[in-house]
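Following full-length UniProt numbering, the numbering of the sequence shown begins with 1 at its first residue and continues without gaps. Structure record follows, encoded as structure tokens.
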Amino acid sequence: MPLHIIPRRIFAHRIACKALYRACLTQFPRIPAPDDVSSQGAVPLLKHLIRKGFKKNIHVTSSRLAVQELKRGYAAEELLRNAGNGNKVAIAQVHEILRQTARSRDLSRLASPRRPRSAPTHNSTIPAPFPGAPKVLDTRPLPKEQLSGRRKVPTLTAANWLPFLRFKRPQSRYLGRVLRDKLEQKIRRWGAVEECDAMMEVGESEGVWEGKIARQVRKELALAGEGRLEAGEERVREMRQWLEDGEGREYGGSKERFYAKTGGEGGKERRSMWAAEAARQKWALWEKVSRENKLSLERGKKMLEIVERERELWLQESRRQWGISRLLGRRVQRGGRCPYQKCSIRTQGPFQISGLAKGNPLQAVAWNGHSGNLRAPIPSRRQKRISWRRS
1 MPLHIIPRRI
11 FAHRIACKAL
21 YRACLTQFPR
31 IPAPDDVSSQ
41 GAVPLLKHLI
51 RKGFKKNIHV
61 TSSRLAVQEL
71 KRGYAAEELL
81 RNAGNGNKVA
91 IAQVHEILRQ
101 TARSRDLSRL
111 ASPRRPRSAP
121 THNSTIPAPF
131 PGAPKVLDTR
141 PLPKEQLSGR
151 RKVPTLTAAN
161 WLPFLRFKRP
171 QSRYLGRVLR
181 DKLEQKIRRW
191 GAVEECDAMM
201 EVGESEGVWE
211 GKIARQVRKE
221 LALAGEGRLE
231 AGEERVREMR
241 QWLEDGEGRE
251 YGGSKERFYA
261 KTGGEGGKER
271 RSMWAAEAAR
281 QKWALWEKVS
291 RENKLSLERG
301 KKMLEIVERE
311 RELWLQESRR
321 QWGISRLLGR
331 RVQRGGRCPY
341 QKCSIRTQGP
351 FQISGLAKGN
361 PLQAVAWNGH
371 SGNLRAPIPS
381 RRQKRISWRR
391 S
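The structure is reproduced here in structure tokens:
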């Protein structure tokens, strides 16, 4: 077989492998199973070995390996066929293979027992809000004393016109739940608005049909009053009752009646009272959507103010830290000694500052925790040239 041909892509090779697999499984029920060998779960051990032998070679692309495995498969099929025909030597050989496999399986289980199944780490329940938790709009920006590290300016982001502040990654599960609930609520409301539009169209069609019936009823009543229509008194009474007290009285209602029932002033071309309830629900939904959009706009403005104040505080604190680092660098170059040994905040820079003194923020020190001496790194040649020029 040429080397550039992959056996598994040849139709004849696939047919031969499937035929061999089917032949091995066909001989399996004819072979008596030993009593001292347990099954592999719900599948008998011999059937499991046949499946495993074919499954482990399903991705073989080498022609040499495919030929070797096919030879082993045909030898196994011959052994199974002889055992199925009642050959005692073949049956004993199959039983010995099954006993060796079961023995090695038990030894491997003793050597490496199965780990107990751990509890699922994902949260299957929807996170509920903390009772009495402070709102971000009421607490931000926080003072520097309440921060555990450097101040980070939040980012104002919007998800489907829902503004929120992103402080860090990954996003909080509680924030994701709130955004998801609000988005689902907005989708439900828009779907309800579309349903109301469809019901209003149906109501208009019903009103047109009812108008035709009402005009015909009035015409027949007029003819009956003139004696030109041969109709019984019972029928005339039913038509008059339907027109005056039944559904027919809603036809031809004025716009004032329609607006009074719907509670709005939109859609002045609509006159059918069948569309009144759908129109009332639609306008109620529009009011809720408009109110929510207005609240989102106000909330976004407040969040923008928070971002601006956070940015101002961040600039002030960054300038202060930069001034402290610069002052400390001058003291280190002069060989000064630290008068303070207890600090509260960390910062970054060429000289590690472990904190700020409680008094003047410019009294920052790099304290090594033992003697209170400043730890100055060995200056490079360029730093020496710069310090010599400045002096």
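Built from N, CA and C at the ideal position, the CB exists for glycine as well. This structure is a prediction, so every number in the text was calculated from the model and none was measured.
Identified DSSP bridge partners for residue i
i	result
Q163	Strictly speaking, residue 163 in this sequence is Pro, with Gln absent from that position. A158, per the DSSP bridge assignment.
V43	Q40
Cβ pair residue i, residue j closer than 8 Å
i	j	result
M200	A284	no
G84	I31	yes
S296	W161	yes
I153	V307	Here residue 153 is Val; the residue named in the question, Ile, does not match the sequence. Taking 8 Å as the Cβ cut-off, V153 and V307 qualify as a contacting pair.
I50	C24	yes
F14	R22	Per the sequence shown, the amino acid found at residue 14 is Arg instead of Phe. In this structure, R22 does not lie closer than 8 Å to R14 by Cβ.
L98	P34	yes
W314	R151	yes
Q27	R81	yes
K288	D197	no
V37	A102	yes
T155	R166	yes
S292	K144	Here residue 292 is Glu; the residue named in the question, Ser, does not match the sequence. No; because the gap between Cβ atoms is not below 8 Å, this pair is not in contact.
As assigned by DSSP and simplified to three states, the class of residue i
i	result
V60	coil
Q171	coil
V153	coil
N82	helix
I31	coil
residue 398	Since the first residue shown for the chain is 1 and the last is 391, residue 398 is missing from the structure and cannot be characterised.
G203	helix
S104	helix
N368	Its pLDDT being 34, under 50, N368 is placed unreliably by the model, and nothing is read from it.
S318	helix
K135	coil
F54	helix
S148	coil
S112	coil
I15	helix
L183	helix
residue 412	Outside the shown range of the chain, which is 1 to 391, sits residue 412, and nothing can be said about it.
A218	Correcting the residue identity first, residue 218 is Arg in this sequence and not Ala. In the structure shown, R218 sits in a helix (DSSP, three-state: H, G or I).
P7	helix
Residue burial classification, residue i (beta-carbon count within 10 angstroms, cutoff 16)
i	result
V89	exposed
H95	buried
K255	In this predicted model, K255 has a pLDDT of only 44, less than 50, meaning its place in the structure is not dependable enough to derive any value.
F164	buried
Q68	exposed
E238	exposed
A66	buried
A158	exposed
E310	buried
residue 393	Absent from the structure is residue 393, since the part of the chain shown begins at 1 and ends at 391.
K219	exposed
G207	buried
L304	exposed
G203	buried
Q171	exposed
A222	exposed
I324	buried
G266	Here the model assigns G266 a pLDDT of 47, short of 50, so the residue's position is not dependable and the matter cannot be decided.
I10	exposed
P116	exposed
A119	exposed
K45	Checking the sequence, you will find Leu at residue 45 rather than Lys. Answer is buried; the Cβ neighbour count reaches 16.
A12	exposed
residue 447	In the structure as shown, the chain starts at 1 and stops at 391, and residue 447 therefore has no counterpart that could be examined.
Residue i: CB within 7 Å of a non-hydrogen atom of the ligand COA
i	result
S104	In terms of ligand content, the structure shown is empty, and the ligand COA therefore cannot be addressed.
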